[in-house]
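Numbering (our numbering), first residue to last: 2 to 282.
Using N, Cα and C, we set each Cβ at its ideal position, and we do this for glycine too.
This one's a predicted model, so the numbers in the text were calculated from it and none came from an experiment.
Input: a single structure, listed below in structure tokens.
If you want it as structure tokens, here you go:
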């Protein structure tokens, strides 16, 4: 990101001397369509993460709109089942010197905890970031495209409509993996009503949804509530080119699924999803 966004999800910021920021959250579903989703849906979590971290950084004056930055790590834990969407919260600066970081805590209208989340990032010092990114995308464009991607059914990946499926079926029972493909068409409105972004690359919100979809695939389409997770980003995942999601660990006793993300043979990210079954026996 290179500039502060014009839209505002958080508002009424109050900055304390220690750099902490209290704020309120918008509840305008027309402006923020993803508010129609469950509060714990990773799309909601990571979208809230993005807006709140940028807006509270802007409020305290630590967000520099002249520099390109990227998220390198984030984690979150959700509150108790039954809480509502976030209505207010506070932010704390937690980054080390020279790099951005944030801690965010959100509450609902009943003052119940909705999320605790944190993240760290990196500031790019490349003077021509856009040209550098264009070179990376040109290299990826040389790879063969996938004309007819075999998306798994909406039910198998736990989404409402087929257009929201990003993954293939599980490909290897011994070392479960799936292919994923997110394009400028299926990863953004109007085809996908709940996702947004710069369109430069597959973003953290889209990757969080990939993690949730892979977890659903792994568990046979079982209804799930996501209760937390974490992600680390090593390099950009490019739009319009397939990438691979492979199981690293499944701890069924603790309801944790960890996975790796690779594209063109290069490691791009790791994702951990924590879940609760919503199956009604």
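Is it buried or exposed for residue 109, if we count other Cβ within 10 angstroms and need 16 for buried? Label assigned to residue 109: buried.
Should the segment 85-92 be regarded as contacting the segment 216-224, the criterion being three or more beta carbon pairs within less than 8 Å? no
Which of the three DSSP states is assigned to residue 2 in this structure? Since pLDDT at residue 2 reaches only 42, below the 50 mark, its modelled position is unreliable, and the value read off the structure follows with that caveat. Correct three-state label for residue 2: coil.
Compare the C-alpha of residue 34 against each of 228, 260, 190 and 171 and name the closest. Of the listed residues, the one whose Cα sits closest to residue 34 is 190.
Please state the DSSP three-state secondary structure of residue 170. If DSSP states are grouped into helix, strand and coil, residue 170 belongs with coil.
Find the nearest neighbour of residue 173 within the set 29, 249 and 56, judged by alpha-carbon distance. Nearest option by C-alpha distance: 249.
Going by beta carbon distance, what residues of the same chain come within less than 8 Å of residue 209, once the five residues before and after it are set aside? 43, 44, 46, 47, 230, 232 and 272
Coil, strand or helix - residue 237 by DSSP: coil
Are the CB atoms of residue 75 and residue 50 within a distance shorter than 8 Å? yes
For residue 14, which residues in the same chain have their Cβ closer than 6 Å to its Cβ, ignoring the five residues on either side in sequence? 22, 24 and 60
Would you kindly report the start and end of the unbroken beta strand (DSSP E) that includes residue 252? 244-252
Could you say which of 62, 242 and 39 lies nearest to residue 79 if we only look at CA atoms? It is 39.
Restricting to runs no shorter than 4 residues, where is the alpha helix (DSSP H) found entirely within the segment 142-229? 155-158 and 205-219
Alpha carbon of residue 71 to alpha carbon of residue 9, nearest angstrom: Cα to Cα, the separation comes out at about 19 Å.
Where DSSP assigns a beta bridge to residue 44, which residues make up the other side? Residue 44 is not bridged to any residue.
Which same chain residues, not among the five before or five after residue 212, have their C-beta less than 6 Å away from its C-beta? 272 and 274
At which residues does the beta strand (DSSP E) containing residue 90 begin and terminate? 89-93
May I ask you to list the residues that DSSP assigns as paired with residue 77? 118 and 230
Please state the DSSP three-state secondary structure of residue 38. The three-state secondary structure of residue 38, taken from DSSP, is coil.
Could you tell me whether the Cβ atoms of residue 62 and residue 101 are closer together than 8 Å? no
Go ahead and label residue 53 buried or exposed: buried means 16 or more other beta carbons lie within 10 angstroms of its beta carbon, across all protein chains shown. buried
Measuring alpha carbon to alpha carbon, tell me which of 167, 268, 276 and 19 ends up nearest residue 255. 276
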